[in-house]
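Okay, so here's the structure we're looking at.
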Amino acid sequence: MGDQIQFIVEKLNQEPFRKNHNLISFDSLESLQLLQLLSDVLGEIDPKHAVDIREELPEQTAKRMLNLLGILKYKPPGTVSDLSAFRQGLVTGSKAVIHPVLHWLLQRTNELRTRAYLARFLVKLEVPAEFLQDDTVADFNKQYEELMEAFKNLHKEHEQLKISGLSTAEIRRDISAMEEEKDQLAKRVERLKKRVETVQNHQRMLEIARQLLSEKEREESLAQQKQEQKSQLFHTEQRLQRAQVQLKEMQHVVADSKSESLMKKLEEEINFNSYLVTAKIPSEMESKKTSAYYLEKVVAEPAMTPADLSALESELVEVNAEMNQLIEKRMITYEPADSKLSMYRQQASIISQKKEAKAEELQAAKEEMSRLERQREQKGSEAHELEGSEVLTEDEFKQYVNKLRSKNTFYKKKRQEMAELTAEYGILQRTEELLRQRHEALQQQLQAIEEKKGISGYSYTQEELERVSAVKSEMDEVKGQTLDNMSEMVKKLNAMVTEKKASLAPVIKELRQLRQNCQELTQERDEKKIPYDSCVARLETNCSALEQEVKGFLEECTQEESNHRYINCMKRNLDIQLQRAREEMKAYMSPDPQERRRAVREQYTRIILEQENLGKKLREKQKVVRESHGSNMKQMKMWQDFQKLMECKRDCFLKQQNQAAIGQIIQEGGKDRLVL
Numbered sequence: 001m002g003d004q005i006q007f008i009v010e011k012l013n014q015e016p017f018r019k020n021h022n023l024i025s026f027d028s029l030e031s032l033q034l035l036q037l038l039s040d041v042l043g044e045i046d047p048k049h050a051v052d053i054r055e056e057l058p059e060q061t062a063k064r065m066l067n068l069l070g071i072l073k074y075k076p077p078g079t080v081s082d083l084s085a086f087r088q089g090l091v092t093g094s095k096a097v098i099h100p101v102l103h104w105l106l107q108r109t110n111e112l113r114t115r116a117y118l119a120r121f122l123v124k125l126e127v128p129a130e131f132l133q134d135d136t137v138a139d140f141n142k143q144y145e146e147l148m149e150a151f152k153n154l155h156k157e158h159e160q161l162k163i164s165g166l167s168t169a170e171i172r173r174d175i176s177a178m179e180e181e182k183d184q185l186a187k188r189v190e191r192l193k194k195r196v197e198t199v200q201n202h203q204r205m206l207e208i209a210r211q212l213l214s215e216k217e218r219e220e221s222l223a224q225q226k227q228e229q230k231s232q233l234f235h236t237e238q239r240l241q242r243a244q245v246q247l248k249e250m251q252h253v254v255a256d257s258k259s260e261s262l263m264k265k266l267e268e269e270i271n272f273n274s275y276l277v278t279a280k281i282p283s284e285m286e287s288k289k290t291s292a293y294y295l296e297k298v299v300a301e302p303a304m305t306p307a308d309l310s311a312l313e314s315e316l317v318e319v320n321a322e323m324n325q326l327i328e329k330r331m332i333t334y335e336p337a338d339s340k341l342s343m344y345r346q347q348a349s350i351i352s353q354k355k356e357a358k359a360e361e362l363q364a365a366k367e368e369m370s371r372l373e374r375q376r377e378q379k380g381s382e383a384h385e386l387e388g389s390e391v392l393t394e395d396e397f398k399q400y401v402n403k404l405r406s407k408n409t410f411y412k413k414k415r416q417e418m419a420e421l422t423a424e425y426g427i428l429q430r431t432e433e434l435l436r437q438r439h440e441a442l443q444q445q446l447q448a449i450e451e452k453k454g455i456s457g458y459s460y461t462q463e464e465l466e467r468v469s470a471v472k473s474e475m476d477e478v479k480g481q482t483l484d485n486m487s488e489m490v491k492k493l494n495a496m497v498t499e500k501k502a503s504l505a506p507v508i509k510e511l512r513q514l515r516q517n518c519q520e521l522t523q524e525r526d527e528k529k530i531p532y533d534s535c536v537a538r539l540e541t542n543c544s545a546l547e548q549e550v551k552g553f554l555e556e557c558t559q560e561e562s563n564h565r566y567i568n569c570m571k572r573n574l575d576i577q578l579q580r581a582r583e584e585m586k587a588y589m590s591p592d593p594q595e596r597r598r599a600v601r602e603q604y605t606r607i608i609l610e611q612e613n614l615g616k617k618l619r620e621k622q623k624v625v626r627e628s629h630g631s632n633m634k635q636m637k638m639w640q641d642f643q644k645l646m647e648c649k650r651d652c653f654l655k656q657q658n659q660a661a662i663g664q665i666i667q668e669g670g671k672d673r674l675v676l
């Protein structure tokens with residue numbers, strides 16, 4: 001408790017409160033001052049609550065503070081009785097209630113300020129259901145909810161922008177840096193333009209450079225198209241493989257079974273699905289709804305204390321005892337007909353449990369089979385991506401080993417050739433270096449000759465034009481080859497698709513009949529599902545209406561209970577004040593002097609008289625002191641002078657003693673010399 005008060009005092013002495021309290025002054029605050037301090041802290045969190053509590057009624061103050069504390073999600077400790085004591089303590093300004101509230105508020109001021117700001121826009125107004133029947137009110141309510149959602153999204157974006165760390169100063173610095181780079185680039189472009197303008201045929205060279213850039217971009221787009229077509233081809237091959245696998249499975253099924261077995265399988269699957277739809281899934285939904293209802297009920301109730309838990313446990317023990325008594329009574333009134341019915345019920349329950357267990361096992365097996373199918377397809381696609389193949393047989397493995405041996409021999413031969421080529425490459429590299437040196441020397445001579453003739457840069461321009469034309473011709477050849485390869489690939493794909501269509505045609509004919517049967521069964525299921533859906537919707541509508549009505553009654557009951565407790569607290573306070581007033585009047589009007597002395601008025605009158613007498617004595621004493629002040633000052637001055645005189649005499653006496661002692665020592669010294 002001391003640490004809590006010390007924390008509160010430290011926070012109140014800081015900005016923005018600056019109350020300048022210490023532990024003693026804060027602990028000595030009265031109830032009204034504590035309530036005003038709490039109101040100031042709440043006003044710092046929400047400016048609407050920055051009011052003077054002397055200008056409003058105590059009921060309004062308590063209601064305002066309780067409302068804001070509820071919005072801020074403050075949970076007072078204790079049970080329902082403690083909650084009523086909390087409300088009463090908040091009305092009367094009790095330290096035991098206000099100190100924890102101040103400690104909780106000052107610990108998380110920034111967070112609560114944000115929550116109070118959001119509550120102004122996100123606390124939803126509850127509109128009664130009968131008013132929502134009006135179209136205009138319903139439209140306004142819908143628009144209100146949409147605006148609330150839009151505000152939530154905008155606030156989230158605002159918080160994310162705050163967290164991201166982007167600020168206007170950084171953005172301005174980035175913009176200024178980009179503008180400087182833009183200016184530098186513009187200057188460089190101007191310099192390059194001036195340098196290029198001095199070269200002959202610079203326009204033609206620029207045009208050729210533009211064409212080269214456009215051709216490079218076209219080359220990149222063609223490469224991208226080629227990559228896309230490769231990926232499309234890969235996906236097509238995967239689909240083809242899956243179709244082949246499905247075709248093999250269908251052929252195997254068709255070869256091993258007849259139409260009767262297929263229909264039997266379909267009937268089994270339909271029965272299983274109908275059991276799931278009619279029996280299993282509705283029971284699971286009902287259990288989920290029940291558990292959700294109980295969970296909502298538990299969440300809506302206040303936090304349970306150990307006393308509540310012990311009460312519930314005792315109630316549970318009583319209910320179990322009552323159930324045991326009923327079972328014993330039923331055992332006493334035992335009849336044979338009931339025993340037969342109970343036996344049939346037990347058998348039916350056992351069969352239904354077995355049926356549910358088998359249905360769950362079947363559902364789990366189907367899910368496992370689908371998971372394994374997906375895993376098999378994924379592994380197959382991964383193997384295809386890694387250019388792998390299926391598991392090899394013994395003969396295929398032997399062939400694979402022979403291929404590896406031949407490839408190993410071929411690899412050794414190529415490695416020897418590669419070593420010879422590496423040696424030759426060293427010789428050619430040295431030759432290239434010598435030729436490059438000679439070329440540079442000749443190039444320098446050529447430039448000197450061009451400068452003499454006045455045609456500098458002619459050879460460089462000629463070489464660039466030849467290089468660009470060579471690059472263009474190579475690009476044209478590559479494009480032609482790419483287009484030819486793409487056209488051949490498209491033809492192959494079309495041929496493969498045509499072959500697969502022809503091979504899948506009989507299977508498709510067989511599947512049409514099965515699809516027709518499936519459509520008939522689906523239509524029958526849809527027809528039966530319509531009354532089921534309507535029944536479920538009707539029941540859900542009735543349930544939701546009842547839940548809404550119960551919720552409204554519960555809220556009304558809670559509000560009435562709160563008002564009842566508040567009125568009881570105010571009534572108790574008024575009764576206490578009225579009792580005190582009656583006792584005061586009784587004591588004041590009593591003929592007994594002892595009883596009258598106990599009255600507050602008499603006590604205050606006696607205290608006032610004592611203080612007045614004390615004041616008179618003090619004034620008389622002050623008058624005496626003033627009259628004797630002059631003579632007392634003269635006497636004090638005389639004593640000070642007398643003290644100085646005595647100190648002077650003491651000093652003179654000490655000096656005389658010192659001189660007499662020195663003279664005696666000198667005389668004794670002279671006598672000693674005479675004796676010697």
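Residue numbers (full-length UniProt numbering): 1 to 676. For glycine and all other residues, C-beta sits at the position ideal for the given N, C-alpha and C. Note that the coordinates shown come from a computational prediction; the quantities given were computed from them, not determined experimentally.
Hey, quick one: how far does the alpha helix (DSSP H) through residue i stretch, first residue to last?
i             : result
histidine 103 : 95 to 107
leucine 605   : The sequence given here has threonine at residue 605, not leucine. Start and end: 600 to 627.
aspartate 40  : 31 to 45
leucine 132   : 129 to 132
Quick one: grab the DSSP three-state call for residue i.
i                : result
threonine 558    : helix
glutamine 60     : helix
serine 25        : helix
tyrosine 144     : helix
leucine 404      : helix
serine 590       : coil
alanine 50       : coil
phenylalanine 17 : coil
leucine 83       : helix
asparagine 324   : helix
phenylalanine 72 : Looking at the sequence itself, residue 72 is leucine, so the reference to phenylalanine does not match. Coil, per DSSP.
glutamate 126    : coil
Quick one: measure Cβ to Cβ for residue i and residue j, integer angstroms, because I've assumed they're closer than 8 Å.
i                 : j              : result
leucine 72        : arginine 115   : 6 Å
histidine 103     : glutamine 4    : 5 Å
glutamine 548     : alanine 292    : Actually they do not touch by this definition, with Cβ atoms about 16 Å apart.
alanine 62        : valine 91      : 5 Å
phenylalanine 121 : methionine 148 : 7 Å
isoleucine 45     : threonine 109  : 7 Å
leucine 125       : valine 41      : Between valine 41 and leucine 125 the Cβ distance is about 27 Å, and since that is not below 8 Å, they are no contact.
glutamate 215     : lysine 472     : 7 Å
serine 31         : glycine 93     : 3 Å
leucine 29        : methionine 65  : That belief does not hold up - the Cβ atoms of leucine 29 and methionine 65 are roughly 17 Å apart, past 8 Å.
arginine 580      : alanine 587    : The pair is not a contact, with the Cβ atoms about 11 Å apart (cut-off 8 Å).
leucine 521       : isoleucine 281 : Not quite, the Cβ-Cβ distance comes to about 19 Å (not below 8 Å), so this is no contact.
request  = Could I get the ranges of all uninterrupted alpha helix (DSSP H) runs contained in the stretch 474 to 521, with 4 residues as the minimum, in chain order?
outcome  = Counting only runs of at least 4 residues, the stretch 474 to 521 fully encloses no alpha helix (DSSP H) element at all.
* To do: Run through the stretch 179 to 261 for me and flag every whole alpha helix (DSSP H) of 4 or more residues, listed as ranges in chain order.
  => You should have 202 to 256.
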